[in-house]
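Protein sequence lines, in the order shown, are assigned to chains A and B.
Going letter by letter, the first sequence gives residues 1276 to 1803 in the numbering used here.
Going letter by letter, the second sequence gives residues 67 to 160 in the numbering used here.
One structure below.
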Amino acid sequence: MPTDGPQDTRVDRRAFLARMGALGAAAALGVPLPASAAPARSRPRPIDPAFWTTGLPTGTPVSPADLTVHEAGALLRSGELDPVELVDACLQRIEAWDARYLAFNHVNTDEARRRAAELGRVEPEGLLHGIPLAIKDNFYTRGMPTTANSWIFSDFVPDFDATAVARLQDAGGVVLGKTQMGPLATTRALTPDGQVTTVNAWTPDFPSVSPGGSSSGSATAVAARMALSSIGTQTGGSITVPAMAQGLTGLKPTMGRVSLRGVIPLTYSRDHVGPLARDAADAAILLQAMAGPDAADPRTQGLPGVPDYLAAARAGETLRWPTRLGVLPGWTDAEGVRGEQRRAFLSEMEAAGAELVEIDPSERWEELSSGLFNAVRLPERSEPFLEHLRNDVRLFGVTLNSWMQGLFLSGDELLKGQRARYALLSLTLEEIFEGCDVVVQNGHVPFDMIGLPLITFPVGFRESEEGRRPEGILLGAPPFGEERLLSVAAAWQARTGHHRQQPLPPASGTGALERGRLDAEQVAERTE
Amino acid sequence: MSPQGAPRGPDDLTDEELDQYIRTRLTLIGIDLSVLPEEDPDAPADRVRIHRSLRNFLRNTVPRLSAYELDPQSYPPVLYPSALPPVTEIDDAD
């Protein structure tokens, strides 16, 4: 196989499928999860110094908090910016605005300042040296509350960091705080009894506009320029949906690319960790820092090595690699501005060097991608929470329905779902990725089910009664296609400026706001 | 069989029959819904809504999933689309 293309060209798809089969047999016998106490550390990859010279800001930011990660990295390396100055800029924004946004559950003020001061005294080495980051509240953070917005974890303070969080900090990242989320990662950010919390940064006076869920606070914190970047988790759209709703670049990597150790589980076989970032380069930096095997998470082991995501995201106005862009039937026929934006995207990517290819998956593919098989995830959510369900079902608040449903699928139905997932992956590799390298997607469910990578990024805006709101598109790729997805996003972003636009601060200040409430049935309709 | 002798399908099951099945299953695994209010729209959850949700799930999802056919010679069950080291190292030039 060639060694100079992106990683998706070096993965033998037959071997990938065979591996899945072998693992399925092993999993059916019960694969133990190692109970290692110490999170694994990633091997640092040498940084190409040229990466930072391309990161200098092109405009005049109002505040250091407006910088991207790569822009701030360049200024921190040149000595024009100090980590304390950067962290303080974010903390000031949070202090001034978060009463309206409600993006944070916990702000790590003192420790973030202490850490920034410590980093200010040493030469920048790590990819994220001095960069303030927002962490979704389902990642374990040592000595810091970790609630997943659930009554179950209301007093939980872990004694270790999730591997992803540890790796971000090893790379020099500063944990600014923990972000609001849908209870137990199920829907838009709510209190457990259904009160709406986080608002969309583009419409802060209209709580009825969803910020996207469940990584709602992570998206709002970055879109509102209160944190430079953030991480979230995705089981059913929870990175890409809020990123799309708030004009961000959200990347859900291939299953196993980032460790899930220290993440409160929602669905063991579908949970993914990924960045919600301001552009492709920032997403690449965060993924680079987090990706790689972890002895404490078997899902991360035996996979291809971690490639150079930074190089992939440095693409200029032409695509880094020859790329066939798959287009599904009817995708460009969307009504109104959405259709115009989609057609403009394809036209621009063709100019960037992409070959547009029509892809028409079979009815069988559609069937296997449907909500029917999506339901098979539910027993995986119920099983780890059985103790809490036995103790008191009221702890689950408005999200109880789906935990109860998971108790009513039998073993043979769970196995049927697993077999269907294998069938869907096989069809996806044959019917879609034999013909293209990346493919547009109408929704996140199919690739969430089979653990394939997805990226979203903004392609324009639309006017609504509540104000101007971003529009994004969703692209998928075969296993380990993160480089390819980043390169496409980077080329688009080099040719356009949608990702650089930022929302205005709350027009009506930060006073009281009637936010409303969702009941259990509304949550069930929106649940992951 | 129904009283008329025709085979019964999922749609023929009454709410009472499904509710009894739900209560039995939950009792078997030690889950108690009686701590919830019977019916209270202002509560995060109540027994009426939980039972309604579960009846819909049992009628609509379970029979369709069970009836779906896959070739028994293909697609062994797969839990994780990733790998274990003893069986899976991929040659990677990098």
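Built from N, CA and C at the ideal position, the CB exists for glycine as well.
So if DSSP puts H1547 (chain A) in a beta bridge, which residue, or which two residues, is it bridged to? Paired residue(s): A:Q1509.
Please return the same chain residues whose Cβ sits closer than 8 Å to the Cβ of V1382 (chain A), not counting the five positions on each side in sequence. Setting aside the 5 residues that flank it on each side, V1382 (chain A) is surrounded in the same chain by L1366, I1369, D1373, L1451, G1452, each with a C-beta closer than 8 Å to its C-beta; the list follows chain order.
If we ignore side chains and look at the alpha-carbon of each, how far apart do R1770 (chain A) and D1635 (chain A) end up? So the alpha carbons of these two residues sit roughly 29 Å apart.
With C-beta atoms as the reference, is A1494 (chain A) less than 9 Å away from A1518 (chain A)? Judged by beta-carbon spacing, A1518 (chain A) lies within the 9 Å limit of A1494 (chain A), meaning their Cβ atoms are closer than that value.
Chain B contact for S1317 (chain A) (CB, 9 Å cutoff): Model confidence at S1317 (chain A) stands at a pLDDT of 45, short of 50, so the residue's coordinates are unreliable and nothing is read from them.
With 9 Å as the threshold, decide whether the Cβ of A1698 (chain A) is near any Cβ in chain B. Yes, because at least one Cβ of chain B sits closer than 9 Å to the Cβ of A1698 (chain A).
Tell me, please, whether the segment 1673-1681 of chain A touches the segment 110-125 of chain B by the rule of three or more beta-carbon pairs shorter than 8 Å. The answer is yes - the segment 110-125 of chain B touches the segment 1673-1681 of chain A, with three or more Cβ pairs under 8 Å.
Looking only at its chain, what residues have a beta carbon closer than 7 Å to the beta carbon of L84 (chain B), apart from the 5 residues adjacent to it on each side? These residues qualify, in order along the chain: R121, L124.
The segment 1462-1473 of chain A touching the segment 1666-1676 of chain A, judged by at least three CB pairs closer than 8 Å: Counting Cβ pairs under 8 Å, three or more are found: they touch.
For the segment 1668-1717 of chain A, which segments carrying the alpha helix (DSSP H) assignment without a break, of at least 4 residues, lie completely within its bounds, in sequence order? For secondary structure counted as the alpha helix (DSSP H) over 4 or more consecutive residues, the segment 1668-1717 of chain A holds these complete runs in sequence order: 1675-1680, 1686-1702.
Where I1748 (chain A) falls: helix, strand or coil (DSSP): Correct three-state label for I1748 (chain A): strand.
8 Å Cβ cut-off: residues of chain B touching D1667 (chain A): The answer, in chain order, is V101.
Mapping DSSP to helix, strand and coil, what is E1800 (chain A)? The three-state secondary structure of E1800 (chain A), taken from DSSP, is helix.
Could you give the DSSP three-state label for G1601 (chain A): helix, strand or coil? Under the three-state reduction of DSSP output, G1601 (chain A) falls in the strand class.
For the putative contact between D1412 (chain A) and T1421 (chain A), defined by C-beta atoms under 8 Å, what is the C-beta separation to the nearest angstrom? Right, the Cβ-Cβ distance comes to about 6 Å (below 8 Å), so this counts as a contact.
Any C-beta of chain B within less than 7 Å: which residues of the segment 1516-1540 of chain A qualify? For chain B, the residues of the segment 1516-1540 of chain A that bring a beta carbon within less than 7 Å of one of its beta carbons are M1530, G1531, in chain order.
Please report the straight-line C-alpha distance between V1306 (chain A) and T1510 (chain A), rounded to a whole angstrom. Note that V1306 (chain A) has pLDDT 28, beneath the 50 cutoff, so the model's placement of it is unreliable and the number below is only indicative. Linking V1306 (chain A) to T1510 (chain A) through their CA atoms gives a straight-line distance of about 21 Å.
DSSP has I1410 (chain A) in a bridge; who is on the other side? Its beta-bridge partners are A:K1453, A:I1506.
Against R130 (chain B), what residues of chain A qualify as contacts under a CB-to-CB distance less than 8 Å, listed in chain order? Within 8 Å Cβ-Cβ: L1647.
Is I1730 (chain A) helix, strand or coil when you go by DSSP? Strand.
Using a Cβ-Cβ cut-off of 9 Å, state whether T90 (chain B) counts as contacting chain A. The beta carbon of T90 (chain B) does not come within 9 Å of any beta carbon belonging to chain A, so the residue lies off that interface.
Any beta carbon from chain B within less than 9 Å of S1701 (chain A)'s own beta carbon? With 9 Å as the cut-off, S1701 (chain A) counts as an interface residue toward chain B.
Selection of the segment 1350-1375 of chain A by Cβ proximity to chain B, strictly under 7 Å: Answer set for the segment 1350-1375 of chain A: empty.
What residues in its chain sit with their C-beta under 8 Å from that of D1341 (chain A), if we drop five residues either side in the sequence? R1500, Q1777, listed in sequence order.
Measuring CA to CA, which of A:E1789, A:P1339, A:E1796 is closest to T1473 (chain A)? Out of A:E1789, A:P1339, A:E1796, the CA that lies nearest to the CA of T1473 (chain A) is found in A:E1789.
Considering only residues of the same chain and omitting the five flanking positions on each side of A1392 (chain A), which have a CB-CB separation below 8 Å? Only P1358, V1359 meet the Cβ criterion.
Quick one: is F1431 (chain A) near chain B, going by C-beta distance under 9 Å? Against chain B, the CB of F1431 (chain A) has no partner CB under 9 Å away; the residue lies outside that interface.
Spell out whether any CB of chain A is found under 9 Å from the CB atom of R115 (chain B). True, the Cβ-Cβ gap to chain A drops below 9 Å.
Interface residues of the segment 1677-1696 of chain A facing chain B [CB-CB below 9 Å]: Answer set for the segment 1677-1696 of chain A: S1677, M1679, Q1680, L1682, F1683, L1684, S1685, D1687, E1688, L1689, L1690, K1691, G1692, Q1693, R1694, A1695, R1696.
Which same chain residues, not among the five before or five after R113 (chain B), have their C-beta less than 6 Å away from its C-beta? Around R113 (chain B), the same chain offers L99, L102, E104 as residues with beta carbons nearer than 6 Å, after the five sequence neighbours per side are excluded.
Going along chain A, which residues have a C-beta under 9 Å from G96 (chain B)? The contacting residues are L1661, L1664, R1665.
Between which two residues does the beta strand (DSSP E) containing N1475 (chain A) stretch? Counted as a single uninterrupted DSSP element, the stretch harbouring N1475 (chain A) is not any beta strand (DSSP E), since DSSP gives it neither H nor E.
P1728 (chain A) and W1477 (chain A) look like a contact to me (Cβ under 8 Å); what is the Cβ gap, rounded to whole Å? Cβ atoms of P1728 (chain A) and W1477 (chain A) stay farther apart than 8 Å, at about 26 Å.
In terms of residues, what are the limits of the alpha helix (DSSP H) holding L131 (chain B)? Counting along the chain, the alpha helix (DSSP H) containing L131 (chain B) begins and ends at 128-133.
Given 8 Å as the limit, is there contact between the segment 1755-1767 of chain A and the segment 1607-1625 of chain A, that is, 3 or more CB pairs closer than that? Taking a cut-off of 8 Å on C-beta distances, the segment 1755-1767 of chain A touches the segment 1607-1625 of chain A, as three or more cross pairs fall below it.
Can you list, in chain order, the residues of the segment 1452-1485 of chain A whose Cβ is nearer than 9 Å to any Cβ on chain B? Listed in sequence order: P1467, D1468, G1469.
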